[in-house]
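Trainee:
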Amino acid sequence: MTIRKFQTKANFLIKRFFNTSKMANSKFEYVREFENEDKIMPNCWVVVRIDGKGFHKFSKLHNFDKPNDVRALELMNYAAIDVMNEFRDIVISFGQSDEYSFVFHKGALLYNRRHSKILTYVNSLFSSSYVFNWSQFFPSEKLQYPPSFDARIILYPSDENLKDYLSWRQADVHINNLYNTTFWNLILKGGLTNNEAEKRLSGTLSSDKNEILFSEFGINYNNESPMFRKGTILLRKKVKNPNNNGRYNCVIYPFFEDLIQNKFWKTHTEIFDYKSAVPTYDPTEKLPDIVEQQLRELDRKSQKT
Ligand code: GTP
Ligand code: MG
Numbered sequence: 249m250t251i252r253k254f255q256t257k258a259n260f261l262i263k264r265f266f267n268t269s270k271m272a273n274s275k276f277e278y279v280r281e282f283e284n285e286d287k288i289m290p291n292c293w294v295v296v297r298i299d300g301k302g303f304h305k306f307s308k309l310h311n312f313d314k315p316n317d318v319r320a321l322e323l324m325n326y327a328a329i330d331v332m333n334e335f336r337d338i339v340i341s342f343g344q345s346d347e348y349s350f351v352f353h354k355g356a357l358l359y360n361r362r363h364s365k366i367l368t369y370v371n372s373l374f375s376s377s378y379v380f381n382w383s384q385f386f387p388s389e390k391l392q393y394p395p396s397f398d399a400r401i402i403l404y405p406s407d408e409n410l411k412d413y414l415s416w417r418q419a420d421v422h423i424n425n426l427y428n429t430t431f432w433n434l435i436l437k438g439g440l441t442n443n444e445a446e447k448r449l450s451g452t453l454s455s456d457k458n459e460i461l462f463s464e465f466g467i468n469y470n471n472e473s474p475m476f477r478k479g480t481i482l483l484r485k486k487v488k489n490p491n492n493n494g495r496y497n498c499v500i501y502p503f504f505e506d507l508i509q510n511k512f513w514k515t516h517t518e519i520f521d522y523k524s525a526v527p528t529y530d531p532t533e534k535l536p537d538i539v540e541q542q543l544r545e546l547d548r549k550s551q552k553t
């Protein structure tokens, strides 16, 4: 075959290939029509809440401390920080037990506000970060199986609705934690069986549980760790980096404050005024480990570049 003939034959085959694939596209493309348009309503707060699947069993199998395991809660916080670092439109997150809520501001336009993209990216990043960082928080506890999380999106049209949502989640922490703290003290220190402890607490009010803790176990509930009593609130703040000549760096900062009170919203005005710059924060207490870790990571990155 001459070179010219070969070229003609090759051109013919290439054209046929592209024509066929074009035809195949046009023939099958109609299936795209079955995909739903899933754009989230504009101008609403977007809450993504994830929750561990079967963590009752998971926590038992991995010997979580009762009623609260600091390692488990800090791992949840760490995974949530990964999510907030990836999705800059999140203005506040709230975590407790095996759940986390991420709040995207009303004006967020990521992925054209496509419901499925936002939901699945947040959920899969949280889950993979939880597994990726497991050994850092549980060095002596082998992960027995891959944990998973369910996730949902809830839209809130008003600032008041959003405040009430977060207050609802924090009130849930209070109810559960007071119950669990009393329940496990009755069992672990009081020698009751699970059934006996359950019966003892049936129909009791908060004040009764406080009284049991104080009079029988010498525990003042208000002195329990604020992370256990209030859950963890994550906010973006600029803090002084002691390793970087005191320059301010932007980090995700954990707070264990009462967000049901108005004082919280008056202090952290950037949540609703989300177009404002990240505010500086000069804590009186030592920087939390999780913040120091972020600052070290920033230093490491800036030294590399
Ligand atoms: P689904 O979410 O419906 O799949 O059920 P679940 O088993 O995950 O229960 P749920 O989400 O209602 O509650 C979380 C459960 O995780 C709690 O009831 C505890 O059993 C367990 N859990 C979460 N955090 C801790 C912890 O710090 N210590 C211990 N011991 N258990 C925890
Ligand atoms: Mg769960």
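Residue numbers (the numbering used here): 249 to 553.
We put the beta carbon where it would ideally sit given N, CA and C, even for glycine.
Helix, strand or coil for Pro-502 per DSSP?
Mentor: Strand, per DSSP.
Trainee: Between Asn-492 and Lys-523, what straight-line distance do the alpha-carbon atoms span, to the nearest angstrom?
Mentor: Cα-Cα distance, rounded: 27 Å.
Trainee: Should Ile-366 be flagged as near chain C, meaning a C-beta pair shorter than 7 Å?
Mentor: The structure shown contains no chain C; it is built from a single protein chain.
Trainee: Identify, in the order they occur along the chain, each residue of the same chain with its Cβ nearer than 7 Å to the Cβ of Glu-285, setting aside the five sequence neighbours on each side.
Mentor: There are no such residues.
Trainee: Any idea if Tyr-469 is buried or exposed, counting beta-carbon neighbours within 10 angstroms, 16 or more meaning buried?
Mentor: Buried: at least 16 other Cβ atoms inside 10 Å.
Trainee: What three-state label does DSSP hand Gln-418 in the structure shown?
Mentor: Helix, per DSSP.
Trainee: For Phe-617, which residues of its own chain have a beta-carbon under 7 Å away from its beta-carbon, when the five flanking residues on both sides are left out?
Mentor: Any question about residue 617 goes unanswered here, given that the chain covers just 249 to 553.
Trainee: What residue range is occupied by the uninterrupted beta strand (DSSP E) comprising Arg-484?
Mentor: Counting along the chain, the beta strand (DSSP E) containing Arg-484 begins and ends at 480–489.
Trainee: Let me know the secondary structure DSSP gives Leu-309 once reduced to three states.
Mentor: Three-state DSSP puts Leu-309 in a helix.
Trainee: Taking 6 Å as the line, does the beta carbon of Asp-407 fall inside it for any heavy atom of ligand 2?
Mentor: For ligand 2, not one heavy atom lies less than 6 Å from the Cβ of Asp-407.
Trainee: Please say whether Val-421 and Phe-350 have beta carbons closer to each other than 7 Å?
Mentor: Result no, Cβ atoms of Phe-350 and Val-421 do not sit closer than 7 Å.
Trainee: Return the CA-CA distance between Val-223 and Phe-352, expressed in angstroms with no decimal places.
Mentor: With the chain covering only 249 through 553, there is no way to say anything about residue 223.
Trainee: Apart from the five residues just before and just after Ser-396, which ones in its own chain have a Cβ nearer than 7 Å to its Cβ?
Mentor: The answer, listed in chain order, is Lys-301, Ser-375.
Trainee: Going by C-alpha to C-alpha distance, which of Phe-512, Pro-315, Phe-476, Glu-459 sits closest to Trp-432?
Mentor: Answer by Cα proximity: Pro-315.
Trainee: On the criterion of 16 or more Cβ atoms from any shown chain inside 10 Å, does Arg-243 qualify as buried, or is it exposed?
Mentor: Since the first residue shown for the chain is 249 and the last is 553, residue 243 is missing from the structure and cannot be characterised.
Trainee: Following a CB-centred definition, is His-304 positioned closer than 6 Å to any heavy atom of ligand 1?
Mentor: Indeed, a heavy atom of ligand 1 lies less than 6 Å from the Cβ.
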